[in-house]
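All remarks here apply to the structure that follows.
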Amino acid sequence: MFYKTFLIYFFTILFTYAQFAEELAGPSNIKSIVFKGVDKLEQFPIIFFGESIFLEFDDLNGDEKDYYYKINYFNHDWKKSDLFKSEYIDGFDNIRIENYQNSFNTLQPYTHYKLELPNSNTNFRLPGNYMIEIYDELDQLLFSRKFLINSDTAIVSSKVFRSREMDYYDTHQSIHFSITPKSNIPFRDPENLLKIVILKNEQWSTIKTGQKPQFINGNRLEYSYDNKSLFEGGNEYFFFDTKDIRINGNGISYVNLNRLYETYLYTNPFRKNLPYNFASDINGDYLIRTIQGTQLSDYEADYSWVHFSLAMPKSINEKEIYIYGKFNNYELREENRMIYNPSLEIYEGILLLKQGFYNYKFVEKDSKKLSLNSVSGNHALTENNYLILVYYKKFGDRYDSLVGVGKSSSFEIVD
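When the count follows the numbering used here, it moves up by one through the sequence shown with no breaks and lands on 404 for the last residue.
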């Protein structure tokens, strides 16, 4: 059984790298992976040269292990670059993570690991797309995360509009943006050498690419009314707060104590046909914290079994329902698949999660595709954040440089 599982795991990784690089969530003992840049409120590290990124995670086995990090470089489309490591790294990787601490005063034992980059062993030479990979002492890949370095040589301005198509006016959002080089030198052959990647709520699974400039006004490139920049609005995320693990915080119906705390959330409604109601969220993200504050939460925050439930008639098409959020890196795994309870007519799921503030939603999957909004509903007024990543390959370069990043919110959507 182990051999079969290993082969599936190995060939999954091999196929992924042959196509394009995807983040690997990690084994069941690795939890609470937090990866941030200097803005420690968002788990999507985009940094400038000289700034730091921070990786943290817990090992629930609770013993001190040898974990190593490796760095790889990728093109704009996340296909692995053919650059030598010495061309994009100053120093070395495959270095052991030496900053770790055992949990203190928790029911669930764990070891908390921390890594800061750049450090005395590893620095970065090029702007663009990077992937950090964490390996164990047997050199087996455990998990990976993407990060970006921005050369900041272009200004990216953007706004969110309702769709001009009446069929999508109430359900979709369109991103209009412009790109201007900070120097007086225009981009050479922008239709072919300039690559655009747009993400919704910092989720790689939502990317849209292939946008071409519609107008050129001096050095400024204009992108608007392009259906390749059209996104479903979706809905606001549900949330719960376990910063005090013993009480009924926001979104929590009741709490029991067994070997670990058991946190039961209120049953959430099926929202597809409900009218839109604004609710402030953090767009799928999560924050590890306790009532004592964030500094001690690294190794003093405990874990609880969080019980989710969704009031929804069982689909006659036997579609699968998953709990979905940044806390599981938006992956569909067996552990976050919900089980239908016919006596209560609800879907139920349970996850082991560290104390904190969490956003989550429910998604539906059949044999053909994943539907992000068939359970939650789709609204043009939903507050979403968008990132516009601009890559440029200069003549003679062998890599795609990230030259600018634009950010916009649909909070003030334009008709």
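Backbone N, C-alpha and C fix where the C-beta goes; we use that ideal spot for every residue, glycine too.
Computed from a predicted structure; not experimentally measured.
Item: Terminal residues of the beta strand (DSSP E) in which L299 lies; Value: Y292 to A300
Item: Nearest neighbour of N110, chosen from I78, T95, S140 and Y102 [CA to CA]; Value: I78
Item: Cβ pair S366, Y265 closer than 9 Å; Value: In the sequence as displayed, the identity of residue 366 is Gly instead of Ser. Yes. Within cutoff.
Item: E221 and G273 closer than 9 Å at C-beta; Value: no
Item: Proximity below 9 Å, CB of L359 to CB of W294; Value: no
Item: Minimum C-alpha distance to L276 - residue among K343, L219 and L333; Value: K343
Item: N216: first and last residue of the uninterrupted beta strand (DSSP E) it sits in; Value: First-last for N216: undefined, no H or E at that position.
Item: Three-state secondary structure (DSSP) of N325; Value: helix
Item: C-beta atoms of K197 and E180 nearer than 9 Å; Value: no
Item: Same chain only: Cβ atoms within 6 Å of H101, ignoring 5 sequence neighbours per side; Value: D47, Q90, D287 and Y288
Item: Where the beta strand (DSSP E) containing K25 begins and where it ends; Value: I19 to K25
Item: CA nearest to the CA of L246, picked from D291, F267 and L210; Value: D291
Item: Segment limits, alpha helix (DSSP H) that includes S286; Value: S286 to E289
Item: Straight-line gap, N239 to N206 (C-alpha atoms, nearest Å); Value: 50 Å
Item: Run of the beta strand (DSSP E) containing Y77, from where it starts to where it stops; Value: Premise fails: Y77 lies in the alpha helix (DSSP H), K74 to Y77, not in any beta strand (DSSP E).
Item: Opposing strand residues paired with V403 [DSSP bridges]; Value: F150
Item: CB contact flag (H296, D159, <9 Å); Value: no
Item: Burial state of N94 (16 or more Cβ within 10 Å); Value: exposed
Item: Integer Cβ distance of E161 from K148, believed to fall under 8 Å; Value: Looking at the sequence itself, residue 161 is His, so the reference to Glu does not match. That pair is no contact at about 15 Å.
Item: CB of E53 within 9 Å of CB of V23, strictly; Value: no
Item: Residue range of the beta strand (DSSP E) that includes L376; Value: N374 to Y381
Item: Nearest candidate by alpha-carbon position, reference P258, set L370, L13 and S298; Value: S298
Item: Contacts around N50, its chain only, beta-carbon distance under 6 Å, and the 5 residues preceding and following it disregarded; Value: N18
Item: Secondary structure of N50, DSSP reduced to three states; Value: coil
Item: Terminal residues of the alpha helix (DSSP H) in which L182 lies; Value: P179 to L182
Item: N- and C-terminal bounds of the beta strand (DSSP E) containing K354; Value: G345 to K354
Item: Bridge partners - A143, DSSP secondary structure assignment; Value: P170
Item: DSSP-derived helix/strand/coil call for F384; Value: coil
Item: With 16 other Cβ atoms within 10 Å as the buried cut-off, status of V352; Value: buried
Item: Same chain, Cβ closer than 6 Å to R278, neighbours up to 5 away in sequence not counted; Value: K232, S286 and G345
Item: Inter-stretch contact at 8 Å, needing at least 3 Cβ pairs: the segment 315 to 335 / the segment 376 to 388; Value: no
Item: Helix, strand or coil at N317 according to DSSP, with G and I counted as helix; Value: helix
Item: Simplified DSSP assignment, three categories, for D128; Value: coil
Item: Contact under 9 Å by Cβ, L391 with I236; Value: no
Item: Terminal residues of the beta strand (DSSP E) in which D230 lies; Value: F227 to D230
Item: C-alpha gap between E122 and F132, whole angstroms; Value: 6 Å
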